[in-house]
Amino acid sequence: MKNLFAIIIAVLVVGSVLLILNDHTSLFASGKRTGDNSVSVNDKVDTIEIDVASSNTVIIPEDRDDVKAELEGDGNLIVSSRGDGIKVEVKRKWFSWMSFNHDSELTVFIPKQFDRSMDINIGSGSLEFAGNSSSKPMVLDTLRTDMSSGNLELTDIKTNKFVHNGSSGSLIVDRLTTEDGIVDISSGDVEMTDYSGPLKGDLSSGEMDVEMAELKGDIRFDLSSGNVELDLPDNSSFTLTGEASSGNISNEFPLKSEKLDDGDISGTHGSGKYEIEISVSSGDVRIY
1 MKNLFAIIIA VLVVGSVLLI LNDHTSLFAS GKRTGDNSVS VNDKVDTIEI
51 DVASSNTVII PEDRDDVKAE LEGDGNLIVS SRGDGIKVEV KRKWFSWMSF
101 NHDSELTVFI PKQFDRSMDI NIGSGSLEFA GNSSSKPMVL DTLRTDMSSG
151 NLELTDIKTN KFVHNGSSGS LIVDRLTTED GIVDISSGDV EMTDYSGPLK
201 GDLSSGEMDV EMAELKGDIR FDLSSGNVEL DLPDNSSFTL TGEASSGNIS
251 NEFPLKSEKL DDGDISGTHG SGKYEIEISV SSGDVRIY
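Quick note on UniProt numbering: the sequence shown kicks off at 1 and runs consecutively.
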């Protein structure tokens with residue numbers, strides 16, 4: 001019995017040593033890492049990825065030619081480059097579960113002229129990303145965000161494509177313009193103000209509130225359960241097609257050739273230029 005106990009202790013000690021080495025060295029890391037937590041951005045860089053498990057994060061675009069990150073609090077900060085991508089990630093240290101204070105603050109500085117793709121992945125915590133102003137937004141080809149829980153705020157951003165996937169949590173978007181917008185949430189809350197562009201929303205459960213600055217593309221919502229509020233400018237031109245197996249679709253715009261049939265609704269407003277298609281299994285949609 002004593003020998004077995006000694007073996008168990010030895011295994012625990014060796015395992016602890018290996019974990020400490022892994023936490024304080026780059027032996028197990030891949031890609032290029034820098035000691036000052038910054039990586040230069042050149043013409044070959046197509047993607048900047050931010051991957052944080054549980055930190056309060058702020059992304060700041062400014063006049064610079066590198067990606068730099070600063071971390072205050074728990075976690076292991078890694079800024080690395082591989083191929084055409086730069087990745088900023090914060091990993092929890094193996095012993096952080098023993099700490100009562102799990103808060104950490106991450107600040108990421110990126111070139112304001114970077115105009116390719118960004119991927120943002122957050123487990124929990126909060127993340128804020130804003131352009132300089134409404135007249136000088138952050139311009140990107142593609143912005144992808146993935147959130148398990150927590151809070152994500154995006155302001156003054158212009159993209160060719162915007163994709164958000166959320167398991168739960170809160171997404172707040174203000175003054176975002178895109179040529180292709182997709183929001184897919186399992187649960188949680190989405191609030192979008194001064195949004196401009198097409199939008200496809202897929203809700204398993206949750207709340208979605210969208211205020212359009214201008215209707216400039218087709219709108220599609222597919223609700224398994226939840227509620228959607230769609231605020232459109234008075235001069236919007238659209239063709240509405242709504243199907244509700246259970247739930248309710250309400251529309252406050254006058255429609256030409258309006259048809260109402262057991263929860264379903266169709267008709268046109270203005271010239272009927274853009275399509276608004278709504279499918280509701282359960283829940284409520286209001287268009288006003």
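Ideal Cβ positions, reconstructed from N, Cα and C, are used throughout, including at glycine. Everything numeric in this text was worked out from a predicted model, so none of it was measured.
| Check | Outcome |
| --- | --- |
| Among T178, L203 and G197, which one has its Cα closest to the Cα of V190? | L203 |
| Would you kindly report the start and end of the unbroken beta strand (DSSP E) that includes V163? | N151 to G166 |
| Can you find the residues in the same chain that come closer than 6 Å, C-beta to C-beta, to M212, ignoring five residues on each side of it along the sequence? | Y195 and L232 |
| In the DSSP output, which residue or residues are listed as bridge partners for E49? | K87 and D119 |
| Using DSSP bridges, identify the partner residues of G197. | In DSSP, G197 forms no bridge with anything. |
| Return the chain-ordered list of same chain residues with a C-beta closer than 6 Å to the C-beta of T193, the five sequence neighbours on each side being excluded. | D174 and E211 |
| How would you label S104, buried or exposed, when you count the other beta carbons within 10 angstroms and need 16 or more for buried? | buried |
| Can you name the start and end residues of the beta strand (DSSP E) that N42 belongs to? | It is not in any beta strand (DSSP E) - N42 carries neither H nor E in the DSSP assignment. |
| Apply the 10 Å Cβ neighbour rule to D261 and answer buried if 16 or more other Cβ atoms are within range, or exposed otherwise. | exposed |
| If we ignore side chains and look at the alpha-carbon of each, how far apart do L106 and K259 end up? | 53 Å |
| Residue range of the beta strand (DSSP E) that R286 falls in? | D284 to I287 |
| In three-state terms, what does DSSP make of K112? | coil |
| Please classify K136 as buried or exposed, where buried requires at least 16 other C-beta atoms within 10 Å of its C-beta. | exposed |
| Quick one: what's got a C-beta closer than 6 Å to D209's C-beta in the same chain, skipping five residues either side? | E191 and E229 |
| If you count every other CB in all the chains shown that lies within 10 Å of the CB of R82, and 16 or more means buried, which is it? | exposed |
| Consult DSSP for N235 and reduce its assignment to one of helix, strand or coil. | coil |
| Could you check the C-alpha separation between S167 and S245 for me, to the nearest Å? | 24 Å |
| With DSSP as the reference, label E179 as helix, strand or coil. | coil |
| Can you give me the start and stop residues for the beta strand (DSSP E) that F253 sits inside? | From DSSP, F253 is part of no beta strand (DSSP E); its letter is neither H nor E. |
| Would you identify the three-state DSSP class for K136, choosing helix, strand or coil? | coil |
| With DSSP run on the structure shown, which of helix, strand or coil describes R144? | strand |
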